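K.L.:
Encoded as structure tokens, here's the structure I'll be asking about.
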Amino acid sequence: MIKIVSAGLLAALMIVGNATAQTYVRYEQNGMASWGELKGDTIEQLSGAPYLEGKSTGKSVKRADVKLLAPVEPKLVFMTALNFKSHIGDREPAKYPGLFTVPAHSIIGPEDNIVRPAESKNLHYEAEMVVVVGKHAKNVPLEKAGDYIFGVTAGNDVSERDWQRNDIQWLRAKGTDGFNAVGPVLVKGLDYTNLEIEGRLNGERVQGQNSSDMLFDMNYMVYYISKYFTLEPGDLIWSGTMGSTKKMEPGDVYEVDVEGVGVLRNKVEQGK
Amino acid sequence: MKYNYKHFLSLAMMVLLLPSFASAGTYVRYEQGGKISWGELKGDLILELSDAPYLGGRETGNTVKPSIVRMLAPVDPKDVYMTAFNYKDHIPPANIKTTPYPGVFMVPAGTLIGPEDNIVHPSDSANIGYEAETVIVIGKRAKDVSVEDASDYIFGVTAGNDVSVRDWIDADIQWFRGKGAAGLNAVGPVLQTGLDYKNLTLTARLNGEVRQRGNTSNMIHNFDEMVSYISKYFVLNPGDIIWSGTIGTSEKLNVGDTYEIEIEGVGILKNEIVQGE
Chain A
1 MIKIVSAGLL AALMIVGNAT AQTYVRYEQN GMASWGELKG DTIEQLSGAP YLEGKSTGKS
61 VKRADVKLLA PVEPKLVFMT ALNFKSHIGD REPAKYPGLF TVPAHSIIGP EDNIVRPAES
121 KNLHYEAEMV VVVGKHAKNV PLEKAGDYIF GVTAGNDVSE RDWQRNDIQW LRAKGTDGFN
181 AVGPVLVKGL DYTNLEIEGR LNGERVQGQN SSDMLFDMNY MVYYISKYFT LEPGDLIWSG
241 TMGSTKKMEP GDVYEVDVEG VGVLRNKVEQ GK
Chain B
1001 MKYNYKHFLS LAMMVLLLPS FASAGTYVRY EQGGKISWGE LKGDLILELS DAPYLGGRET
1061 GNTVKPSIVR MLAPVDPKDV YMTAFNYKDH IPPANIKTTP YPGVFMVPAG TLIGPEDNIV
1121 HPSDSANIGY EAETVIVIGK RAKDVSVEDA SDYIFGVTAG NDVSVRDWID ADIQWFRGKG
1181 AAGLNAVGPV LQTGLDYKNL TLTARLNGEV RQRGNTSNMI HNFDEMVSYI SKYFVLNPGD
1241 IIWSGTIGTS EKLNVGDTYE IEIEGVGILK NEIVQGE
């Protein structure tokens, strides 16, 4: 009897162990932004970002009573061009990642709208998986790269294709303030080399692929980026998008669904 | 006391000169005993400041001789904006299109090095080139600023060498690695306020020989236009920096070379090229 109970307990513990994914959020309440850990319907407030060893403050709040913010606070945001075979068409795959950067203030959260600038005519979605760096990283060997990745979230790298085609570099097309939606949560403990990523326009699946199909996986990205740049806790690395993308119109809703993370949903509104 | 025209003249001169003198300050960032500080350079003394001058840093009362500190890049930005092909005499390669508006791109702040640092030639590159530029520092948060108001948001001027790894730029999809890898962008020696940043002469020398020369009055999009354009899409914060784009022709730097950039009122930014591992 005792044996059966303890075996049952063990099994229960193992299930909990498998589900050790921890879910973090950033939220705003009464004008104050905080980090927290999401447990069921409740957010337990943390003293700081989880990757900066934020500890429980003992305070908690209902998820429904706060506004969720982007669950990230990076200094640097690294993006990648053409990192899924399905997105490169007839082009030959690159020999190394096609990096570029956007400013951190281009990021919006899961409850924000994507604002289409008045002069924009061709605003596209790009569903991506995003990882958050957990430790200072410089010249990290490939086999250790996993130690430097804290967790996973979802991102929509909204891109103005006309600007992207006409400008000399992609900064404005990819990095204008408000162009990069991230969330809804930051999850630790997922296998980011094997997660389904799906993009839905007004509920219809228009993008979808597994992160295992990335030409350069996130471990390689950390290795490669840290060869040239210094990564700090909280910095972001985006997977690149998959398939082909289309234009979004005001009123459209785009969802990015990353396995284990949940759904990042943003509405498109017309800017002035 | 009798007043004559000479008194009047000198009084008028003083009144005319005072505002520009009052607003001219020479600021440095330096390290001493592992501590990084901002300071105002006066003669051969640094007056330590409590914070960056554009964040209202005040004199702490501490002073130090410049000769016993290590000078750092006199900037501490979150965002670093650069500009492609912003002087008519800097001709783009045949495969690069230009635009009627600024060709803005971004590099991470971690790329910056100071006036006492060496430029490290990456071991996996066969071709790095100099690019002498004028750099401005933003003084106030700026969003949707008009060209007319832009000067209110510009705090001061320094010099920069946007060292560019030509073979990476040619091979990569974007310029990010070739322009922004750690250590590629030298800035300094001082941050100077009170200069007319729309009319500054820049002279750059490779091992003492003049290679680049220009004046910011020849920028295709001047700094007021740059601030206005950038702030239409991006929020600019105090300390952010904007580079002018380079002048003339950029040539290769070899290990052992010294490149120096002189801007009137700012002084000379001088860095040596050393071999990376």
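Residue numbers (my numbering), protein chains in the order written: chain A, 1 to 272; chain B, 1001 to 1277.
A virtual CB, placed ideally from N, CA and C, is assigned to each residue, including glycine.
This structure is a prediction, so every number in the text was calculated from the model and none was measured.
1. Which residues, in order along the segment 159–184 of chain A, keep a beta-carbon less than 8 angstroms from a beta-carbon of chain B?
2. So what does DSSP say about PHE1021/B, is it helix, strand or coil?
3. Just checking: is the beta-carbon of PRO233/A within a distance shorter than 9 angstroms of some beta-carbon in chain B?
4. Need the endpoints of the beta strand (DSSP E) that ASN1271/B sits in, please.
5. Just to check my reading of the structure: GLY262/A and VAL185/A have Cβ atoms closer than 8 angstroms, yes? What is that Cβ distance to the nearest angstrom?
6. Please report the residue range of the alpha helix (DSSP H) in which ASN219/A lies.
7. Within the segment 1139–1203 of chain B, note down every full beta strand (DSSP E) run reaching 3 residues or more, in order along the chain.
8. Just verifying my parser: in three-state terms, what is the DSSP assignment at GLU259/A?
9. May I have a chain-ordered list of the beta strand (DSSP E) segments no shorter than 3 residues that lie completely inside the segment 15–102 of chain A?
10. So, using beta-carbon positions, are VAL158/A and ALA137/A closer together than 9 angstroms?
11. Please list, in chain order, the chain B residues whose beta carbon lies closer than 9 angstroms to that of ALA70/A.
12. Using 8 angstroms as the cut-off, can you tell me whether the segment 1103–1110 of chain B makes contact with the segment 1126–1140 of chain B, which would need three or more C-beta pairs spanning the two stretches below that distance?
13. Count the other C-beta atoms from every protein chain shown that fall within 10 angstroms of the C-beta of VAL152/A, then say buried if there are 16 or more, exposed otherwise.
14. At a Cβ threshold of 9 angstroms, is THR241/A touching chain B?
15. When DSSP labels each residue in this structure, what does TYR1087/B get in the three-state scheme?
16. In three-state DSSP terms, what is LEU231/A?
17. Counting only runs that start and end within the segment 176–222 of chain A, where is the alpha helix (DSSP H) found for 4 or more residues in a row?
18. By how many angstroms is the C-alpha of GLY1043/B removed from the C-alpha of LEU99/A?
19. PRO1108/B CB to nearest chain A CB: under 9 angstroms?
20. Give the DSSP-derived three-state secondary structure of ASP252/A in the structure shown.
21. Listing by chain order, which chain A residues have their CB less than 7 angstroms from the CB of TRP1175/B?
22. I need the straight-line Cα distance from GLY48/A to SER106/A, nearest angstrom please.
23. To the nearest angstrom, how far is it from the Cα of ASP1257/B to the Cα of ILE1268/B?
24. Going along chain E, which residues have a C-beta under 8 angstroms from PHE100/A?
25. What are the uninterrupted segments assigned as beta strand (DSSP E) that are 3 or more residues long and contained completely in the segment 1226–1267 of chain B, given in chain order?
26. Please identify the residue among LYS39/A, VAL66/A, ASP213/A, TRP35/A whose C-alpha is closest to the C-alpha of THR57/A.
27. In the DSSP assignment, the alpha helix (DSSP H) including ASP162/A goes from what residue to what residue?
28. Is any beta-carbon of chain B found at less than 9 angstroms from that of TYR228/A?
29. Quick check: is the beta carbon of TYR1233/B nearer than 9 angstroms to any beta carbon in chain A?
30. My guess is that ASN1271/B and ASN1118/B are in contact by the Cβ rule of under 8 angstroms, so how many angstroms apart are they, rounded?
31. Give the residues from the segment 54–81 of chain A that approach chain B closer than 8 angstroms (Cβ to any Cβ), ordered along the chain.
32. Check whether the segment 253–260 of chain A and the segment 191–209 of chain A are in contact - that is, three or more C-beta pairs closer than 8 angstroms.
33. With distances taken between CB atoms, is the gap from GLY1159/B to VAL1069/B smaller than 9 angstroms?
34. Whole angstroms are fine: how far does the CA of GLY1061/B sit from the CA of ILE1261/B?
35. Does the Cβ of THR20/A have 16 or more other Cβ atoms within 10 Å, making it buried, or fewer, making it exposed?
36. Between the Cα of GLY1114/B and the Cα atoms of TYR1153/B, GLU1251/B, ASN1199/B, VAL1187/B, which residue gives the shortest distance?
P.N.:
Quick answer:
1. ASN166, ASP167, ILE168, GLN169, TRP170, LEU171, ARG172, GLY175, THR176, ASP177
2. Its pLDDT being 42, under 50, PHE1021/B is placed unreliably by the model, and the measurement read from it follows with that caveat. Of the three classes helix, strand and coil, the one that applies to PHE1021/B here is helix, per DSSP.
3. no
4. 1267–1275
5. 6 angstroms
6. 218–228
7. 1154–1162, 1185–1192
8. coil
9. 22–29, 32–39, 42–46, 56–62, 67–69, 77–81, 98–102
10. no
11. Result: empty, since nearest Cβ-Cβ is about 15 angstroms, beyond 9 angstroms.
12. no
13. buried
14. no
15. strand
16. strand
17. none
18. 45 angstroms
19. yes
20. coil
21. GLN169
22. 22 angstroms
23. 16 angstroms
24. Absence of chain E from the displayed structure is noted, the protein chains being A and B.
25. 1241–1243, 1258–1263
26. TRP35/A
27. 161–166
28. yes
29. yes
30. 6 angstroms
31. LYS75, LEU76, ALA81
32. yes
33. Note that residue 1159/B corresponds to Ala in the displayed sequence, not to Gly. No, the Cβ-Cβ distance between ALA1159/B and VAL1069/B is not below 9 angstroms.
34. 32 angstroms
35. exposed
36. VAL1187/B
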